[in-house]
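Encoded as structure tokens, the structure appears first; notes follow it.
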Amino acid sequence: MCPEGKLSATDETCPACRLPVDLTRRVKSETQANRLLQSGNIDSVRKCLDIQQQLYCADAHVLGATYDRLAELYARKGNFCESVSYCRKSIDVVRARFGSQSPELAREMFKLCTLLFNRYVSTVLASFGHTHRLFYWVVYIGSFRISGNSQRLQEALATIRATLVLYKNHGLSHEDDVQELIGMKRFLETL
154 MCPEGKLSAT DETCPACRLP VDLTRRVKSE TQANRLLQSG NIDSVRKCLD
204 IQQQLYCADA HVLGATYDRL AELYARKGNF CESVSYCRKS IDVVRARFGS
254 QSPELAREMF KLCTLLFNRY VSTVLASFGH THRLFYWVVY IGSFRISGNS
304 QRLQEALATI RATLVLYKNH GLSHEDDVQE LIGMKRFLET L
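The sequence shown lines up with residues 154 to 344 when you count with our numbering.
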């Protein structure tokens with residue numbers, strides 16, 4: 154396959170180099186990528202992503218779904234920094250495909266809010282060795298924010314606020330997600 158060309162399902166020739174497409178090889182690559190994606194193993198899903206990035210354009214739905222899967226897998230491992238990174242890539246695909254004011258984007262933004270919230274809270278807890286009670290880290294949060302994590306706090310709050318606006322604009326204010334977003338926002342605003 155041409156490393157320069159990204160194909161659509163109906164392309165018979167590569168749009169970049171005009172060579173004929175080897176459909177058999179392409180199908181094998183897609184099958185291998187799907188098998189890797191189903192494994193649920195981070196390393197396998199990353200290999201899947203590598204294959205997909207050779208096959209599809211940057212805003213292909215399948216890439217967005219794989220970014221979303223990696224975000225989920227990293228979050229399950231508690232690696233919120235990596236998770237946030239892949240969630241943002243998924244959001245870029247959703248924004249390109251559905252627009253910046255779409256309900257699809259609102260739902261992806263909700264995921265990002267949850268990850269940013271958890272990244273911030275886990276960072277705070279880690280700074281206290283996970284041994285202190287919530288009360289203690291709230292008391293000491295002022296000194297923690299001064300040490301450079303207020304940017305993460307502000308990022309989480311700004312994302313939550315923007316997501317609430319998207320939900321409201323689409324008449325999704327009744328969703329359970331909104332109550333969760335409001336709860337996260339209130340909690341973070343008390344810090």
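Where is the CB? At the ideal position from N, CA and C, for every residue including glycine.
If I'm right that residue i touches residue j with Cβ under 8 angstroms, what's the distance once you round it to whole angstroms?
| i | j | result |
| --- | --- | --- |
| Leu334 | Phe233 | That pair is no contact at about 17 angstroms. |
| Leu190 | Val237 | Contact doesn't hold; Cβ gap of about 21 angstroms is too wide. |
Is it true that the CB of residue j sits closer than 9 angstroms to the CB of residue i?
| i | j | result |
| --- | --- | --- |
| Leu306 | Leu344 | yes |
| Leu223 | Glu183 | no |
| Arg250 | His214 | yes |
| Leu216 | Ala259 | no |
| Ile204 | Tyr227 | no |
| Pro256 | Leu172 | no |
Sort out for me which residues DSSP pairs residue i with in a bridge.
| i | result |
| --- | --- |
| Thr166 | Pro173 |
Taking residue i as the reference, give the member of the options with the closest Cα.
| i | options | result |
| --- | --- | --- |
| Leu341 | Thr219, Gln254, Ser192, Thr312 | Thr312 |
| Arg241 | Ala228, Arg171, Gly252, Asp221 | Asp221 |
| Phe270 | Arg314, Leu310, Asp330 | Leu310 |
| Ala186 | Ala279, Ala218, Pro168 | Ala218 |
| Ser243 | Leu202, Ser275, Lys321 | Leu202 |
| Arg229 | Thr276, Gly193, Ser326 | Gly193 |
| Leu210 | Arg199, Leu176, Ala169 | The residue asked about is misnamed: residue 210 is Cys in this sequence, not Leu. Closest option to Cys210, Cα to Cα, is Ala169. |
| Val247 | Arg314, Asp212, Arg272 | Asp212 |
| Leu265 | Glu225, Arg339, Ser326 | Glu225 |
| Tyr138 | Gly252, Glu308, Ser255 | One cannot answer for residue 138 here, as it falls past the ends of the chain, which runs 154 to 344. |
| Ser275 | Thr166, Pro256, Gly231 | Gly231 |
| Gln254 | Ala315, Gln332, Met337 | Ala315 |
| Glu261 | Arg188, Leu278, Leu176, Asp330 | Asp330 |
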